[in-house]
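Here the structure comes first, spelled out in structure tokens, and everything after it is commentary.
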Amino acid sequence: LVREVDALDGLCARICDQSAINYHALNTSHGLAVIGLRAQIDRKLYKKHMQQEILERTPGLDVAARAVDDLVIEYAEGKLPKVVGVVSDDQILKAKAIVVTTGTFLGGKVYRGSQTYAAGRLGEQVCVNLKLISGASVV
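Each residue of the sequence shown is one higher than the one before, counting from 1 in full-length UniProt numbering.
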């Protein structure tokens, strides 16, 4: 997967190269067509290099690690609805492009015995207000 992303000048492969501590070629005895490359990545180095690349070297990019309560959707006649912003902490944040990464925190629940409550991993905040829009595509 990383090699395919690398073919499109993907960031993941470049950061892996900067953070690798060991490389290994798999299936070398089976011919060139099936050789697979594997790299062992230092997690701390990968995180450091990725944050530097994204936060410091990407002009015009603002990263906001916040809970999103709602989407701001623009409706125009004859056009598909377009997401133009998000609502977070009663603030509207508008942008040309928005990436919402919910992970496992969208509607996350913890079950402890007969009790159920909204929670994320290790006590992290869970997103309970944002709901998937009926008919919307998730990419």
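Note that CB positions come from ideal geometry on N, CA and C, so glycine has one too.
Does the Cβ of residue i have 16 or more other Cβ atoms within 10 Å, making it buried, or fewer, making it exposed?
i           : result
L130        : buried
I15         : buried
S19         : buried
S134        : With a pLDDT of only 46 at S134, under the threshold of 50, the placement of this residue in the model should not be trusted, and no figure is reported.
I73         : exposed
V110        : exposed
residue 142 : Nothing in the structure corresponds to residue 142, since the chain is present only between 1 and 139.
H49         : buried
Which residue comes first and which comes last in the alpha helix (DSSP H) that contains residue i?
i   : result
K47 : R43 to Q51
For residue i versus residue j, is the C-beta distance shorter than 8 Å?
i    : j    : result
C127 : A65  : no
A119 : G108 : yes
H24  : R38  : yes
V87  : D62  : no
E53  : L11  : yes
E124 : F105 : yes
Could you pull the start and end residues of the beta strand (DSSP E) that residue i belongs to?
i    : result
A112 : According to the sequence shown, residue 112 is Arg rather than Ala. Per DSSP, R112 belongs to the beta strand (DSSP E) from K109 to R112.
I92  : Q91 to K94
E77  : Segment: none, E77 is in no beta strand (DSSP E) and carries neither H nor E.
A118 : Q115 to A118
DSSP has residue i in a bridge; who is on the other side?
i    : result
Y23  : A39
G85  : V72 and K94
C127 : L106
So residue i and residue j are supposed to be a Cβ contact under 8 Å. How far apart are they, rounded?
i   : j   : result
G36 : N27 : 6 Å
K94 : V84 : 6 Å
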